[in-house]
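Residues in the sequence shown are numbered consecutively from 503, following our numbering.
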Amino acid sequence: MTPCQIIIFGATGDLTRRKLLPSLFELHQKGMPQETKIICVARRPFTDETFREYAQQDGYLRGNGETVSFLERIHYLQVDFSSPAPEHLLKQIEELGHENRIFYLAVGPEFFGRIAEVIKETGLLSGKGWKRIVFEKPFGDSLTRASQLNDYVSSIFSEDQIYRIDHYLGKELVQNIMVLRFANALFEQMWHKEHVDHVQITIAEEVGVGERGGYFDKAGMLRDMMQNHALQIISLAAMEPPTKLTADAIRDEQARVLRAIRRVDKEDIVLGQYEAGKIHGREVCGYTQEKGIPADSRTETFASVRFFIDNDRWKNIPFFVRTGKRLASRYAQVDLVLKNVAGSLFEGNGSQPNVISIRIHPDEGIAVLFNAKSPGSKVKLEPVTMDFCHHCLFGKDPTGGYGLLLSDVMKGDQTLFTRWDFVSESWKLTDHIRSLNIPVEGYPAGSMGPKKADLLLGTKKWL
């Protein structure tokens, strides 16, 4: 890891305080080069000292004696990007050393183009060192807008300088999908239409829209979760083995999965919006009673889609995906449900399908459900589970994967970052689903979504 400047635009925002600075503090504790500086840029009138105090509010930078030395890395620059490009910006940043620069845009997508323009106009791309730019999701809000943004950004930065971040790819169990599949003969040979009955992917949230109502009502669950997190997980679960473990080889296979997804029809989709209900016994309001949400809003807070991937490995095997807010519990999981043994000797004795489950959060791990004989003289089968607890062995990651992703940006490793061809294919799929104008069904908060979502599975059931 070579020394650099990490320049965070949108430094007074929630993401910077909750995720980026704690993740950088974690890297600091692990030996981040001493010369690396963190330059925080925003409109609010802070000094270095007052911003460092602000960064410690709410206890996100809990630590030990190293907190002081970490805070000394942080510098603050007040910049208003709604005005002409600040001529002093380059001089101020040059005074802080190093020509290797990471530009982290912790801002909404409506500011991406303007900040990229300021970076260019102020000369921050000059000098001998490498330059890399990080974009938070969402990258656009449709294929048209994403393409326009990409064309503009690509006129300033090359693809090998662009890091489109999806924090789900930093989660250990998402990364473990590929390892589980391709490093273990036990699983690799089963990961095929000959053995798999169907795949379920659930990304469930207990929370409502909270303070994000203004953004979310324009986005909805399809844009906010399905277009990025859900399709990333599908691509990793369904991809062919890459020719080698390089960023481009892996991302080639991920993009191929999206191109192979069959065109979705109306009967493959269920959308919903939460109504008043109870979460763990606590009364919560419906979506249209949330702050900043119009009373007549039809924005979806739940989406369930049945996908088919038309290639040799997955032909006619359904992938059922559901994601929503104000659901009964908070978790993300991939379940690979295997076919029953043909002509099983134990059919009718309680035999259930084997299931390989990958728990992404919060209880990270991998489980395999199989059948065993229960005690007694009669042959009666009981489903039992073999379980691997990831955090029991390796500990918890309090930053949700951001530390790993930031480290990869510093190293120049793009494996866990989204390439443009994947982004464009994901928007094609999402735009098509949105164009079908699926009616939004109500569901009570504290449930697992509209009852219609259960019907997508036919005779099968959500796990």
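Glycine included, C-beta positions come from ideal geometry on N, C-alpha and C.
A quick note: this is a predicted structure, and the numbers were derived from the prediction, not measured.
Closest to residue 735 by C-alpha separation, out of 604, 834, 527, 721, would be which residue?
834
For residue 886, which residues from the same chain have a beta carbon less than 6 angstroms from its beta carbon, with the 5 sequence-adjacent residues on both sides left out?
874
Hey, quick one: how far does the alpha helix (DSSP H) through residue 700 stretch, first residue to last?
Unbroken run through residue 700 is the beta strand (DSSP E), 698 to 706; no alpha helix (DSSP H).
Could you tell me whether the Cβ atoms of residue 679 and residue 603 are closer together than 9 angstroms?
no
Go ahead and label residue 466 buried or exposed: buried means 16 or more other beta carbons lie within 10 angstroms of its beta carbon, across all protein chains shown.
With the chain represented from 503 up to 965, any question about residue 466 goes unanswered, as that position is not in the structure.
DSSP three-state label for residue 921, please.
coil
Going by other Cβ atoms of all chains shown within 10 Å of its Cβ, with 16 needed for buried, is residue 716 buried or exposed?
exposed
Do residue 806 and residue 491 count as a contact pair if the criterion is CB distance below 9 angstroms?
The structure shown does not extend to residue 491, since the chain is modelled only from 503 through 965, so no value can be given for it.
Which runs of the beta strand (DSSP E), 3 residues or longer, sit entirely within the segment 856 to 887?
857 to 863, 867 to 875
If you check the beta carbons only, do residue 626 and residue 605 fall under 9 angstroms apart?
Cβ distance < 9 angstroms, so residue 626 and residue 605 count as in contact.
Can you list, in chain order, the residues of its chain whose CB lies under 7 angstroms from that of residue 549, leaving out five sequence neighbours each side?
The residues 578, in chain order, have a CB closer than 7 angstroms to that of residue 549 in the same chain once the five nearest residues on each side in sequence are set aside.
Residue 931: buried (16+ other C-beta within 10 angstroms of its C-beta) or exposed?
So residue 931 counts as buried.
Tell me, which residues are paired with residue 535 by DSSP?
Looking at the DSSP assignment, residue 535 forms no beta bridge with any residue, so it has no partner.
State whether the segment 920 to 937 contacts the segment 683 to 693, with contact taken as three or more CB pairs (one from each stretch) at a distance under 8 angstroms.
no
What does a CB cutoff of less than 6 angstroms around residue 666 pick up in its chain, not counting 5 residues either side in sequence?
By the criterion of a C-beta distance shorter than 6 angstroms, residue 666 is surrounded in its chain by 637, 641, 919, 920, once the five residues flanking it on both sides are discounted.
Can you tell which of 951, 927, 938 has its C-alpha closest to the C-alpha of residue 646?
The shortest C-alpha separation from residue 646 is found at 927.
Taking its Cβ as the centre, do 16 or more other Cβ atoms sit within 10 Å of residue 507, making it buried, or is it exposed?
buried
State yes or no: is the C-beta of residue 778 within less than 9 angstroms of the C-beta of residue 769?
no
In chain order, what residues of the same chain lie with their CB nearer than 6 angstroms to the CB of residue 790, ignoring the 5 residues before and after it?
797, 799
Verify whether the separation of the beta carbon atoms of residue 951 and residue 829 is less than 9 angstroms.
Residue 829 sits close to residue 951, with the two beta carbons spaced by under 9 angstroms.
Cβ of residue 577 versus every heavy atom of the ligand COA: is any distance shorter than 8 angstroms?
By its list of ligands, the structure shown contains no ligand whatsoever, and the ligand COA lies outside what it can speak to.
Helix, strand or coil for residue 691, going by three-state DSSP, please let me know.
In the three-state reduction of the DSSP assignment, residue 691 falls in the coil class.
Does DSSP put residue 853 in a helix, in a strand, or in coil?
coil
Going by DSSP, which residues form a beta bridge with residue 579?
543
Strictly by DSSP, which residues pair up with residue 820?
810
Is the Cβ-Cβ distance between residue 545 and residue 583 less than 9 angstroms?
Against a cut-off of 9 angstroms, the Cβ pair of residue 583 and residue 545 comes out as a contact.
Please work out which residues of its chain come closer than 8 angstroms, Cβ to Cβ, to residue 764, disregarding the five sequence neighbours upstream and downstream, and give them in chain order.
Cβ neighbours of residue 764 beyond the five flanking positions: 809, 810, 811, 812.
Helix, strand or coil for residue 787, going by three-state DSSP, please let me know.
Looking at residue 787 - three-state DSSP - the assignment turns out to be coil, as it is neither helix nor strand.
What residue from 831, 869, 560 has the CA that sits closest to residue 859's CA?
869
Between the Cα of residue 787 and the Cα atoms of 709, 529, 963, which residue gives the shortest distance?
709
Looking at the unbroken alpha helix (DSSP H) that takes in residue 904, where does it start and where does it end?
904 to 913
What's the gap between the Cα of residue 934 and the Cα of residue 771?
11 angstroms
Can the beta-carbon of residue 672 be found closer than 9 angstroms to that of residue 903?
yes
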